[in-house]
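K.L.:
Below you'll find the structure I mean.
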């Protein structure tokens, strides 16, 4: 009788351990693939939240420019992910900057309420 109760518990625990280790292996492989694909000029986030541009790459380290002219050395394992620029956001920002710098005064739409 004890085996009937104990066997399903063992099967459930075994399945949980199998799927957990499988998910961990996939995450580890994704991290390895990221580290192998890093190139000079890539913008990255570190595990501590710092953003920088890769200026040099070694076997176990990278040189990050974190401000103009400020280069620091980090372990490759500290790289969390690559920063991907969104083209649509850049286009919107450029349009706003052109309007702002052209001296054109922005007016409120007729639907907006004004104070006074």
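Residue numbers (full-length UniProt numbering): 1 to 116.
Every residue, glycine too, gets a C-beta built ideally from N, C-alpha and C.
1. On a Cα-Cα basis, can you pick out the residue from 2, 53, 78 that is closest to residue 47?
2. If the criterion is Cβ atoms closer than 8 Å, does the pair residue 65 and residue 76 meet it?
3. Which residues bound the alpha helix (DSSP H) around residue 70?
4. For a test of the three-state rule: what should DSSP assign to residue 41, helix, strand or coil?
5. Considering just the uninterrupted stretch of the beta strand (DSSP E) at residue 67, what are its terminal residues?
6. Going by DSSP in three states, residue 79 sits in which element: helix, strand or coil?
P.N.:
In terms of the structure at hand:
1. Translated into positions along the chain shown, residue 47 becomes position 47. Residue 47 has its Cα closest to that of 78, out of 2, 53, 78.
2. Along the chain shown, one-based indexing puts residue 65 at 65. Along the chain shown, one-based indexing puts residue 76 at 76. Contact: no.
3. Within the chain shown, numbered from 1, the residue matching residue 70 stands at position 70. Under the DSSP assignment, residue 70 falls outside any alpha helix (DSSP H), being part of the beta strand (DSSP E) whose first and last residues are 70 to 75.
4. Against the chain shown, residue 41 aligns to sequence position 41. Note: residue 41 maps to coil in three-state DSSP.
5. For this step, residue 67 is matched to residue 67 along the chain shown. It spans 61 to 67 - the beta strand (DSSP E) in which residue 67 sits, taken as one unbroken run.
6. Numbered from its first residue, the chain shown carries residue 79 at position 79. Assigned with DSSP and collapsed to three states, residue 79 falls in strand.
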